[in-house]
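In this note's numbering, the protein residues as written are 51 to 282. For glycine and all other residues, C-beta sits at the position ideal for the given N, C-alpha and C. Only one structure is covered here, and it is reproduced in the block below.
Structural data, given as structure tokens:
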């Protein structure tokens, strides 16, 4: 188990560094005020309208960096700092979340795959590691095959969560690309404001990349324990 804790610690450190840098970037670009004077809400509503989407509502949600698109009720949920603010960071986030709405409207394949996995992953991801550990302990204590099968089930569940993390990557990167392309094509931001929006979205995307790499590393470690690796 020592190797696993070292691995998780290293990934956790990288995740913290990226997350911390993301917060600094958004704090910095939140000071870059938009010359067009539009709020995040107004940016979002215009992007939806420009893409012919009129059945999606833009609403405010509590918290910081809690912005998301909900395909079930077709709402673009913007955190209070984004919903009401008129800066490069708010424009980037608002347009990014609308990018997901555009993906939904256009039946973007990666988003459809991700949405299909959501119900399964929400149930299995929390129990995968416990199944693996429990299966290894049961197999070692009882000396029978039952524990191995339980552990294999845990690896499969963890593999599903890892797959979900990697499918999320093209979904997030594509949403950012759609957002930036729209901001530039419609002259919604100045060149300096665009650079700020682009930089902020790049760091946001890196949080998903680190999460995916972490999920894969964890999966490989536990798969080795189940399928013949050494057990610390």
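Membership of residue 227 in the alpha helix (DSSP H) is indicated by the continuous run 196-235. Approximately 13 Å separates the beta-carbon atoms of residue 115 and residue 90; this is outside 8 Å, ruling out the contact.
In this structure, residue 265 and residue 72 do not form a Cβ contact; the two beta carbons are roughly 19 Å apart against a cut-off of 8 Å. For residue 84, the closest C-alpha among the options 201, 235, 229 and 142 is that of 142. Assignment of beta-bridge partners to residue 129 by DSSP yields 111. Counting along the chain, residue 119 sits inside the beta strand (DSSP E) bounded by residues 118-120.
Assignment of alpha helix (DSSP H) within the segment 233-276, counting only whole runs of 4 or more residues, yields 241-276 in chain order.
Residues of the same chain with a CB within less than 7 Å of the CB of residue 146, apart from the 5 flanking positions on each side, are 225, 226, 229 and 251 in chain order. In the assembly as shown, residue 166 is an exposed residue. Its beta-carbon has fewer than 16 other beta-carbons within 10 Å.
The continuous stretches of alpha helix (DSSP H) do not include residue 81, and DSSP gives it neither H nor E.
Residue pairing by DSSP places residue 137 opposite 83 in a beta bridge. Listed in chain order, the non-local C-beta contacts of residue 256 below 6 Å within the same chain comprise 68, local neighbours out to five positions each way being set aside. One Cα belongs to residue 259, the other to residue 99, and the distance between them is close to 31 Å. In this structure, residue 124 places its C-beta atom within 8 Å of the C-beta atom of residue 106. In this structure, DSSP gives residue 89 a state outside helix and strand, which the three-state scheme calls coil. In this structure, the straight-line span from the alpha carbon of residue 92 to that of residue 149 is close to 15 Å. When 276, 278, 261 and 187 are compared, the shortest CA-CA separation from residue 58 is found for 261. Residue 183 has its alpha-carbon roughly 14 Å from the corresponding atom of residue 175. Exposure of residue 173 is indicated by the presence of fewer than 16 other C-beta atoms within 10 angstroms of its C-beta. Remark: C-beta atoms of residue 171 and residue 137 do not approach each other more closely than 8 Å. For residue 156, no alpha helix (DSSP H) encloses it, and the DSSP letter there is neither H nor E. In the structure shown, the three-state DSSP call for residue 103 is coil. Distance check between residue 178 and each of 101, 144 and 272 places 272 closest, using alpha-carbon atoms only.
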